[in-house]
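Single-structure report; data block below.
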Amino acid sequence: MGTLGNSLSMLKEPAIIKFLLNGVLFTLIISVVAVLFSIVFGAILALLRNYCKRPGIRMFGRLAAVYIELFRNTPLLFWIFICLVFCPAPKFMDHAMFGLSSVNNKLLFKAAAALILYTSGVIAEIVRGGLNSVPKGQIEAGVSQGFPMVAVMWYIVLPQAFKAIIPTLLSQVITTIKDSSFLANVAVIELMARTKQILSAAKRYNGTNAINVSDVFVLFGVAALIYFMINFSLSMVVRSMQKKDAAVGMHIGEKLLGRWHSGYEMKTFREAGAAESIMKEGRKAVM
Amino acid sequence: MSGIFSARGWDKIWTYRGTFLLGLWNTVETAFAALLLALLLGVVFGLMATSGKKALVRISRIYVELIQNTPLLLQMCFLYYALAFSGHSLGIILTGILALGVYTGAYMAEVIRAGIESVPKGQFEAAQSQGFGYLGRMYYIILPQSFKVILPPMVNTIVNMIKNTSCLYIVGGADLLSLTYSFVTGENTGGSYAPAYIVCGTIFFLMCFPLSTLATMWEAALKKRERKAVTLKEA
Numbered sequence: 001m002g003t004l005g006n007s008l009s010m011l012k013e014p015a016i017i018k019f020l021l022n023g024v025l026f027t028l029i030i031s032v033v034a035v036l037f038s039i040v041f042g043a044i045l046a047l048l049r050n051y052c053k054r055p056g057i058r059m060f061g062r063l064a065a066v067y068i069e070l071f072r073n074t075p076l077l078f079w080i081f082i083c084l085v086f087c088p089a090p091k092f093m094d095h096a097m098f099g100l101s102s103v104n105n106k107l108l109f110k111a112a113a114a115l116i117l118y119t120s121g122v123i124a125e126i127v128r129g130g131l132n133s134v135p136k137g138q139i140e141a142g143v144s145q146g147f148p149m150v151a152v153m154w155y156i157v158l159p160q161a162f163k164a165i166i167p168t169l170l171s172q173v174i175t176t177i178k179d180s181s182f183l184a185n186v187a188v189i190e191l192m193a194r195t196k197q198i199l200s201a202a203k204r205y206n207g208t209n210a211i212n213v214s215d216v217f218v219l220f221g222v223a224a225l226i227y228f229m230i231n232f233s234l235s236m237v238v239r240s241m242q243k244k245d246a247a248v249g250m251h252i253g254e255k256l257l258g259r260w261h262s263g264y265e266m267k268t269f270r271e272a273g274a275a276e277s278i279m280k281e282g283r284k285a286v287m
Numbered sequence: 288m289s290g291i292f293s294a295r296g297w298d299k300i301w302t303y304r305g306t307f308l309l310g311l312w313n314t315v316e317t318a319f320a321a322l323l324l325a326l327l328l329g330v331v332f333g334l335m336a337t338s339g340k341k342a343l344v345r346i347s348r349i350y351v352e353l354i355q356n357t358p359l360l361l362q363m364c365f366l367y368y369a370l371a372f373s374g375h376s377l378g379i380i381l382t383g384i385l386a387l388g389v390y391t392g393a394y395m396a397e398v399i400r401a402g403i404e405s406v407p408k409g410q411f412e413a414a415q416s417q418g419f420g421y422l423g424r425m426y427y428i429i430l431p432q433s434f435k436v437i438l439p440p441m442v443n444t445i446v447n448m449i450k451n452t453s454c455l456y457i458v459g460g461a462d463l464l465s466l467t468y469s470f471v472t473g474e475n476t477g478g479s480y481a482p483a484y485i486v487c488g489t490i491f492f493l494m495c496f497p498l499s500t501l502a503t504m505w506e507a508a509l510k511k512r513e514r515k516a517v518t519l520k521e522a
């Protein structure tokens, strides 16, 4: 570890810092774009799988189920490799831009497509969880008011479902930020790939004319710290949201239970039991 | 996509079936060894997190947060290069087992912590009042009860771990996916992309799909039982 000073001196090189920070930017952009697209595709898949059960349209529901299960049970890297060969890249990606060469831009498009395809399958299952949490009566009430099914979904079911899954979706952003590092296997675009590339060129910068263990520790340490700071702050947001939800649940539960104890409105044990469990769950999560 | 039906492509795969079998074996070996390590770490850190001792809780928290908030690929690369450049290289598979085990261990620890916390407090107190020591309390009273809560997310974690064996690719790769990739890009074997990826994907699917389906079914059964318990309360 006598070379630690040499390794640290690499971090004073403005070119290296800029190279890494650009990588961070790409990591964030790729992840956010992938999640946004995946939310759209995932919601469509989830709706198809959940509600296309009548004979004429059952086919679509089945196809959505096959898609979801296929992508959930195979590795992301598998789809990245497949997209490298089979996914066509559009013409406008075939130029040098964003500070990347035209080859890297095409790779970026293909790998990002794979990331979107894969994440869609995961988000579809999350959205399905949200859809299942919306009481059936909501759909029935909507239909009985004369809304067409599409309007029931768009105005009544989806808003409630998404409200319930916002924390889970945010933790999926964390997962996607981690998953975006898989792009390092095929192209030098995001943080992970750039860290690896600097390491392989470290002997040019650290002044010892060799790659030392301390280079590994410094470079990967910096990358890990960046990933950690991004993901940890996101997970703090998720946690505070869940706490808030739980606090609301506790409040509702306490209110309902209070009413029951005063012999008011709630007549069955079942309702009281439900109120009690809501309150307990909430209290446990808040503590 | 024209390659799917080309007899030559499939023929080539049959000739080189050993490559795929070797990859499958390496993936299974890595996953199994990593699972054992992950279970060990998960139990230790999960128990630490629920021990109520501030220092132990904090140590387990740091482990879980550090590992869960950085990519597995980064951890694996770090481990591999740190060992390689200090002259202690362990080889690809062993490095993979260690990195994968430590990574999955953090998820296991969270699963086990949540499972233990799902057991009502009264159970701990009752066991203590009956004179059980810490280990006896955990082994006979708490863990058996938390098992049904732990099982579904644990199986999901295992599925993710099997998929994550593909991370070995970045350190040189000996697993199924890496060998498939070097098969389709190899000089003598290359070209038959579609058949090779179909074989590789099918193998992964056959390993993961039964497990994840089982987890989903268990979870549904668990929810049903809970609902029943609420209804019984009513009667």
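Protein chains in written order, with my numbering: chain A, 1 to 287; chain B, 288 to 522. Note that beta-carbon positions come from the ideal geometry of N, C-alpha and C, so glycine has one too. For clarity, every value in this text was computed on a predicted model and none was experimentally measured.
Which residues in chain B sit within 7 Å of residue i, going by Cβ to Cβ distance?
{"i": "glutamate 69 of chain A", "result": "Phe496"}
{"i": "arginine 72 of chain A", "result": "Ser499"}
{"i": "methionine 192 of chain A", "result": "Pro358, Leu360 and Leu361"}
{"i": "isoleucine 82 of chain A", "result": "Tyr484"}
Within 8 Å of any Cβ in chain B, is that where the Cβ of residue i sits?
{"i": "lysine 178 of chain A", "result": "yes"}
{"i": "methionine 236 of chain A", "result": "no"}
{"i": "lysine 196 of chain A", "result": "yes"}
{"i": "alanine 184 of chain A", "result": "yes"}
{"i": "proline 55 of chain A", "result": "no"}
{"i": "serine 181 of chain A", "result": "yes"}
{"i": "alanine 223 of chain A", "result": "yes"}
{"i": "phenylalanine 228 of chain A", "result": "yes"}
Report yes or no: is there a C-beta of chain A within less than 8 Å of the C-beta of residue i?
{"i": "leucine 501 of chain B", "result": "no"}
{"i": "serine 373 of chain B", "result": "yes"}
{"i": "alanine 461 of chain B", "result": "no"}
{"i": "leucine 464 of chain B", "result": "yes"}
{"i": "lysine 510 of chain B", "result": "no"}
{"i": "phenylalanine 257 of chain B", "result": "Residue 257 of chain B lies beyond the residue range present for chain B, which begins at 288 and ends at 522; the question has no answer from this structure."}
{"i": "tyrosine 456 of chain B", "result": "yes"}
{"i": "tyrosine 427 of chain B", "result": "no"}
{"i": "phenylalanine 492 of chain B", "result": "yes"}
{"i": "phenylalanine 419 of chain B", "result": "no"}
From the DSSP output, in three-state form, read off residue i for me.
{"i": "leucine 21 of chain A", "result": "helix"}
{"i": "leucine 100 of chain A", "result": "strand"}
{"i": "methionine 266 of chain A", "result": "In this prediction, methionine 266 of chain A has a pLDDT of 48, which is less than 50 and means its spatial position is unreliable; nothing more can be read from the coordinates."}
{"i": "leucine 11 of chain A", "result": "coil"}
{"i": "glutamine 432 of chain B", "result": "helix"}
{"i": "glycine 5 of chain A", "result": "helix"}
{"i": "threonine 74 of chain A", "result": "coil"}
{"i": "cysteine 52 of chain A", "result": "coil"}
{"i": "phenylalanine 81 of chain A", "result": "helix"}
{"i": "phenylalanine 411 of chain B", "result": "helix"}
{"i": "serine 171 of chain A", "result": "helix"}
{"i": "alanine 210 of chain A", "result": "coil"}
{"i": "valine 188 of chain A", "result": "coil"}
{"i": "leucine 28 of chain A", "result": "helix"}
{"i": "tyrosine 444 of chain B", "result": "The amino acid occupying residue 444 of chain B in the given sequence is threonine; tyrosine does not appear at that position. Helix, per DSSP."}
{"i": "glutamine 417 of chain B", "result": "coil"}
{"i": "asparagine 451 of chain B", "result": "helix"}
{"i": "threonine 382 of chain B", "result": "helix"}
{"i": "histidine 251 of chain A", "result": "helix"}
{"i": "valine 233 of chain A", "result": "One detail in the question is off: residue 233 of chain A reads as serine in this sequence, not valine. Serine 233 of chain A: helix per DSSP, three-state reduction."}
{"i": "alanine 161 of chain A", "result": "helix"}
{"i": "lysine 406 of chain B", "result": "Lysine is not the amino acid found at residue 406 of chain B; the sequence shown has valine there. It is coil, neither helix nor strand."}
{"i": "proline 358 of chain B", "result": "coil"}
Starting from the beta carbon of residue i, find every residue of chain A whose beta carbon is closer than 7 Å, and list them in chain order.
{"i": "glutamate 352 of chain B", "result": "Phe232"}
{"i": "glycine 488 of chain B", "result": "Thr74 and Phe78"}
{"i": "serine 453 of chain B", "result": "Pro75, Leu77 and Phe78"}
Can you name the residues of chain B whose CB is closer than 9 Å to the CB of residue i?
{"i": "asparagine 104 of chain A", "result": "Correct list: empty, because the minimum Cβ distance to chain B is about 18 Å."}
{"i": "valine 85 of chain A", "result": "Val471, Tyr480, Ala481 and Tyr484"}
Using the beta-carbon of each residue, which ones in chain B are nearer than 8 Å to residue i?
{"i": "asparagine 212 of chain A", "result": "Phe372"}
{"i": "leucine 199 of chain A", "result": "Tyr368"}
Can you name the residues of chain A whose CB is closer than 9 Å to the CB of residue i?
{"i": "alanine 369 of chain B", "result": "Val213, Val216, Phe217 and Phe220"}
By the criterion of Cβ-Cβ separation under 8 Å, what are the contact partners of residue i in chain A?
{"i": "tyrosine 468 of chain B", "result": "Phe81"}
Practice task
Would you check if there are 3 or more beta carbon pairs closer than 8 Å linking the stretch 381-399 of chain B to the stretch 349-363 of chain B?
Solution key: The stretch 381-399 of chain B, when compared against the stretch 349-363 of chain B, does touch it at the 8 Å Cβ threshold.
Handout entry: Those runs of the alpha helix (DSSP H) which lie wholly inside the stretch 462-515 of chain B and span at least 4 residues
Key = 463-472
Exercise for the section: Write down every uninterrupted run of the alpha helix (DSSP H) in the stretch 85-152 of chain A whose length is 4 residues or greater and which is fully enclosed by it, in chain order. Expected result: Counting only runs of at least 4 residues, the stretch 85-152 of chain A fully encloses the following alpha helix (DSSP H) elements, listed from N- to C-terminal order: 102-133 and 136-144.
Handout entry: Inter-stretch contact (C-beta, 8 Å, three-pair minimum) for the stretch 239-254 of chain A and the stretch 364-379 of chain B
Key = Because the criterion of three Cβ pairs below 8 Å is not met, the stretch 239-254 of chain A and the stretch 364-379 of chain B do not touch.
Handout entry: Stretch pair the stretch 53-62 of chain A + the stretch 130-148 of chain A: three plus CB contacts closer than 8 Å
Key = no
Exercise for the section: List in chain order: all unbroken beta strand (DSSP E) runs of 3+ residues lying wholly within the stretch 307-339 of chain B. Expected result: none
Practice task
Evaluate the contact criterion for the stretch 95-108 of chain A versus the stretch 48-55 of chain A: three or more CB pairs, one atom per stretch, below 8 Å.
Solution key: no
Problem - Three-pair Cβ contact test at 8 Å for the stretch 398-406 of chain B versus the stretch 487-502 of chain B - result: With the cut-off at 8 Å, the stretch 398-406 of chain B and the stretch 487-502 of chain B do not touch.
Handout entry: Three or more C-beta pairs below 8 Å linking the stretch 39-46 of chain A and the stretch 198-210 of chain A
Key = no
Handout entry: Cβ contact check for the stretch 500-513 of chain B and the stretch 450-462 of chain B: 3 or more pairs under 8 Å
Key = no
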